[in-house]
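Engineer:
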Amino acid sequence: MKFIGEALKNAFKNILRNKLVNFLCLGIIAFTLLVLGIFNTISFQLSKTINKLSENIEAIFYLKDDANRDQVEALIQKVQASLLTREIKFTSKDEAEAKFVGEFPELTYIVKEFDVSPFPSSIGVKFRQNADAFTQIESFVNEIRNSDIIESVQLNVDWAKKISMAKRFVYMVGAFLTFILLFVSIFVIFNVIKLNIFYRQDEITIFELVGATRWYVRSPFLIEGFLLGLLGGILAGLLLFLTLRILTLYRDSIWNLIKQFIDFRRLPLKIYLQLVLIGPLIGLFSAALSLKRFLKAAAVE
Amino acid sequence: MIQFFHVSKQYVKNYFALNDINISIEKGEFIFLTGASGAGKSTLLKLIYKEEMPSKGQILIDSVNINLIPDNKLYRLRRQIGIIFQDFKLLMNRTVLENVAIPLVVRGERKSIVDKKIDSVLTLVGLQHRKRYLTSHISGGEQQRVAIARAIIGNPKIIIADEPTGNLDTELTIEIIRIFERINASGITTIIATHDLNLLNLFPKRTIKLDKGLLLFDRPAEASE
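Line order of the protein sequences matches chains X and C. Count the first sequence with our numbering and you get residues 56 to 356, in order. Count the second sequence with our numbering and you get residues 17 to 241, in order.
(1) Give a yes or no on whether the minimum CB-CB distance between LYS105 of chain C and chain X is below 8 Å.
(2) When you compare only the Cα positions, how much space is there between THR140 of chain X and VAL180 of chain X?
(3) Quick one: Cα of ILE85 of chain C to Cα of LEU237 of chain X, how far?
(4) Beta carbons nearer than 9 Å to chain C: which residues of the segment 250-269 of chain X have them?
(5) Counting only beta-carbon separations shorter than 8 Å, does ALA239 of chain C have a partner in chain X?
(6) Buried or exposed for SER202 of chain C, going by 16 or more other Cβ atoms inside 10 Å?
(7) So, do the segment 289-298 of chain X and the segment 72-87 of chain X have three or more beta carbon pairs nearer to each other than 8 Å?
(8) Could you have a look at TYR117 of chain X and say whether DSSP puts it in helix, strand or coil?
(9) Mind listing, in chain order, the continuous beta strand (DSSP E) runs of no fewer than 3 residues lying wholly within the segment 164-193 of chain X?
(10) If we count the other Cβ atoms within 10 Å of its Cβ and call it buried at 16 or more, is GLY124 of chain C buried or exposed?
(11) Which stretch, first to last residue, makes up the alpha helix (DSSP H) that contains ALA1 of chain C?
(12) Starting from the C-beta of ALA239 of chain C, find all residues in its chain whose C-beta is less than 7 Å away, skip the five residues before and the five after it, and write them out in chain order.
(13) Taking the Cβ atom as the reference point for each residue, do PHE182 of chain X and ILE112 of chain X lie within a distance shorter than 8 Å?
(14) Which residues in chain X have a C-beta closer than 9 Å to the C-beta of ASN88 of chain C? List them in chain order.
(15) Does DSSP put ALA62 of chain X in a helix, in a strand, or in coil?
(16) Would the beta-carbon of ILE9 of chain C fall within 8 Å of that of LEU215 of chain C?
(17) To which residues of the same chain is ASN38 of chain C closer than 8 Å at the C-beta, ignoring the five residues directly before and after it?
(18) Under 8 Å between the Cβ atoms of ASP257 of chain X and LEU120 of chain C?
(19) Quick check: what's the CA-CA separation for LEU138 of chain X versus PHE155 of chain X?
(20) Using beta-carbon positions only, say whether ILE118 of chain C and ILE261 of chain X come within less than 8 Å of one another.
(21) Whole angstroms is fine: what's the gap from ASN73 of chain X's alpha carbon to LYS107 of chain X's?
(22) Keeping to the same chain, check which residues put their C-beta closer than 6 Å to that of ALA342 of chain X; ignore five residues upstream and five downstream.
(23) Compute the Euclidean distance between the alpha carbons of GLN159 of chain C and LYS105 of chain C, then round it to the nearest angstrom.
(24) Which ranges would you report for the alpha helix (DSSP H) in the segment 40-81 of chain C if only whole runs of at least 4 residues count?
(25) Could you name the residues of the same chain whose beta carbon sits closer than 6 Å to that of ALA186 of chain X, not counting the 5 residues immediately before and after it, in chain order?
(26) Expressed to the nearest angstrom, what Euclidean distance is found between the alpha-carbon atoms of THR59 of chain C and ALA33 of chain C?
(27) Can you tell me whether GLN209 of chain X is helix, strand or coil according to DSSP?
(28) Kindly say whether LEU282 of chain X, judged by its beta-carbon, lies nearer than 8 Å to any beta-carbon of chain C.
(29) Using Cβ-Cβ distances below 8 Å, what residues of the segment 213-247 of chain X are close to chain C?
(30) Can you pull the DSSP bridge partners for ALA209 of chain C?
(31) Find out if the Cβ-Cβ distance for the pair LEU344 of chain X, PHE253 of chain X is shorter than 8 Å.
(32) Give the secondary structure of THR186 of chain C by DSSP, where H, G and I count as helix, E and B as strand, and everything else as coil.
(33) Got a sec? Which residues, its chain only, sit under 6 Å from PHE349 of chain X by beta carbon, not counting five neighbours each side?
(34) In three-state DSSP terms, what is LEU226 of chain C?
(35) Using only CA atoms, which one of X:VAL76, X:ASN69, X:ASP203 lies nearest to PHE242 of chain X?
(36) What number of angstroms, rounded off, separates the C-alpha of ASN65 of chain X from the C-alpha of TYR65 of chain C?
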């Protein structure tokens with residue numbers, strides 16, 4: 056316990072000693088994580104929208120008039136067996152006519168001119184919520200379309216597909232930018248720790264010569280990296296929170312379109328936790344890298 | 017206790033900082049290691065506390081081959097050795113007390129034990145009255161004594177001093193060597209590297225002389241007297 060206290064004290068001393076460098080370092084980590092957070096937020100909101108849309112995706116298989124009962128039953132069973140299917144509904148020719156009449160009573164006279172219902176019977180299928188299932192739904196629908204008793208199929212996933220593509224694009228841009236900025240963060244922390252190692256070279260040499268363990272010598276630097284990352288992560292979380300709050304205030308006037316499907320007020324804790332956890336990991340990794348590269352050399356000199 | 021078996025050290029090709037050294041130092045001995053600059057004194061001392069590795073040969077301390085001690089266990093060896101450097105290697109922005117306490121602090125000793133031991137070693141080196149001073153605010157002789165206090169506070173089995181009187185006048189030199197004698201009297205093996213011939217005459221101890229990396233002579237204490 057005393058040892059951890061000592062290591063923490065030394066780590067804080069290091070941070071306060073090089074205020075400017077550490078402040079810059081903190082800013083870069085926070086910016087990196089903020090970018091990650093923003094792209095994660097957009098990606099998260101788009102996923103939510105896609106889920107909402109996929110809830111409403113419905114395929115309607117119009118059946119040929121000569122389809123017999125057994126063929127229809129077999130088709131219904133096949134559709135039901137799919138994991139994608141959430142709900143299935145058979146509409147007979149008469150039910151279709153009744154529905155049309157119900158929806159368009161002023162056109163009833165046209166329907167009455169036919170002896171039998173002019174509407175085809177159909178099987179309506181609703182799918183399970185799954186943001187990335189559009190391709191699967193399409194291939195499933197195409198498979199069913201080949202059935203002999205299918206006249207035509209109605210399926211509209213274009214809008215959802217476009218949003219899904221946008222999400223993938225946002226994700227990729229976010230991943231690319233995050234990767235670059237992570238690299239920059241690691242580089243900055245690496246060099247900050249390097250500076251501190253050289254600054255404390257005498258101390259390190261003395262500690263090692265009087266019998267300090269490797270862990271005792273290294274831990275303040277690792278803790279320093281960890282703290283820089285943690286503070287950067289917290290700062291990024293706060294900035295993200297503030298950004299979303301401010302956007303919420305102005306969203307009505309700015310983004311009329313976006314506001315329809317993005318809920319700015321609620322963001323899962325997971326995204327904030329991600330920022331706060333990734334920060335210290337970057338810090339620890341960079342500090343360990345710097346220690347490995349510079350500590351031995353510094354101690355020997 | 018400390019044994020060198022055919023130890024050689026080469027920093028560069030075709031130049032031996034130490035060449036085929038065989039020496040044996042018993043527990044509690046007081047030894048002067050002498051020779052001109054570049055004779056290999058510092059290298060020999062560094063080999064004992066494993067700041068350097070021999071190019072050839074073996075070094076045994078209490079029958080343990082120190083070449084085989086891995087880096088992560090090196091602290092066990094270092095805790096048995098108190099080292100005093102010519103340039104003192106003190107932290108100038110810290111007080112005498114803080115400097116002396118370092119070996120105990122890194123071992124995680126309790127404050128009460130640290131305080132007690134500090135009082136005892138500062139009394140031994142005559143620096144009780146300076147313990148709250150910044151190290152940069154005391155004289156060279158006092159800094160040397162701080163370095164000695166730091167070396168002995170961890171109860172080492174061996175004290176190694178590399179030119180500890182190099183920067184001091186005769187009076188202070190004698191004072192410092194007397195402190196080493198008191199330390200040695202408590203059974204701590206003491207090895208002092210020096211090129212000061214007067215010191216060897218004033219304190220007739222076992223003397224090992226090196227010359228260009230070779231062992232020139234190993235004269236016992238009686239012969240020096």
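Built from N, CA and C at the ideal position, the CB exists for glycine as well.
Structural biologist: Looking at the atomic coordinates:
(1) Closer than 8 Å: yes.
(2) Their backbone Cα atoms lie some 7 Å apart in a straight line.
(3) Distance between the alpha carbons of ILE85 of chain C and LEU237 of chain X: 38 Å.
(4) Listed in sequence order: ASP257, GLU258, THR260, ILE261, PHE262, GLU263, LEU264, VAL265, GLY266, ALA267, THR268, ARG269.
(5) Below a pLDDT of 50, predicted positions are generally treated as unreliable, and ALA239 of chain C, at 49, falls in that range; no measurement from the model is reported.
(6) Counting Cβ neighbours within 10 Å, SER202 of chain C comes out exposed, since fewer than 16 surround it.
(7) Yes: at least three Cβ pairs fall under 8 Å.
(8) Correct three-state label for TYR117 of chain X: strand.
(9) DSSP runs (the beta strand (DSSP E)) wholly in the segment 164-193 of chain X: 177-182.
(10) Exposed is the call here.
(11) What is shown of chain C runs 17 to 241, which leaves residue 1 of chain C out entirely.
(12) Reliability of the predicted coordinates at ALA239 of chain C is poor, the pLDDT of 49 falling under 50, and no value is obtained from them.
(13) Yes, they are a contact pair.
(14) Residues of chain X whose Cβ lies closer than 9 Å to the Cβ of ASN88 of chain C are, in chain order, THR268, ARG269, TRP270.
(15) DSSP places ALA62 of chain X within a helical segment (H, G or I) once states are collapsed to three.
(16) Residue 9 of chain C lies beyond the residue range present for chain C, which begins at 17 and ends at 241; the question has no answer from this structure.
(17) Setting aside the 5 residues that flank it on each side, ASN38 of chain C is surrounded in the same chain by PHE20, PHE21, HIS22, VAL23, LEU231, each with a C-beta closer than 8 Å to its C-beta; the list follows chain order.
(18) Annotated as distal: ASP257 of chain X and LEU120 of chain C, with beta-carbon spacing of 8 Å or more.
(19) Straight through space, the alpha carbons of PHE155 of chain X and LEU138 of chain X are spaced by roughly 31 Å.
(20) Contact: yes.
(21) Roughly 50 Å separates the two Cα atoms.
(22) Closer than 6 Å at the Cβ level, and outside the excluded window around ALA342 of chain X, lie ILE248, PHE276, LEU277, GLY280.
(23) The straight-line gap separating the alpha-carbon atoms of GLN159 of chain C and LYS105 of chain C is approximately 9 Å.
(24) Here the runs fully enclosed are 57-64.
(25) At ALA186 of chain X, the pLDDT of 49 sits below 50, so the modelled position is not reliable; the number obtained from the coordinates is stated separately. Its chain contains SER102, ILE105, ASN106 as the residues whose beta carbon lies nearer than 6 Å to that of ALA186 of chain X, once the 5 sequence neighbours on both sides are disregarded; these appear in chain order.
(26) Taking the straight line joining both Cα atoms gives about 7 Å.
(27) Looking at GLN209 of chain X - three-state DSSP - the assignment turns out to be strand.
(28) Taking Cβ atoms only, chain C never reaches closer than 8 Å to LEU282 of chain X, which makes this a no.
(29) Residues of the segment 213-247 of chain X that bring their beta carbon within less than 8 Å of a beta carbon in chain C are absent altogether.
(30) Among the bridge pairs identified by DSSP, ALA209 of chain C is matched with C:LEU49, C:ASP178.
(31) In this structure, PHE253 of chain X does not lie closer than 8 Å to LEU344 of chain X by Cβ.
(32) Residue state for THR186 of chain C is assigned as helix, using DSSP reduced to three classes.
(33) So the list reads LYS249, ILE252, once near-sequence residues are dropped.
(34) LEU226 of chain C falls in the strand class under three-state DSSP.
(35) For the options X:VAL76, X:ASN69, X:ASP203, the alpha carbon positioned closest to that of PHE242 of chain X is the one of X:VAL76.
(36) One alpha carbon belongs to ASN65 of chain X, the other to TYR65 of chain C, and they sit about 26 Å apart.
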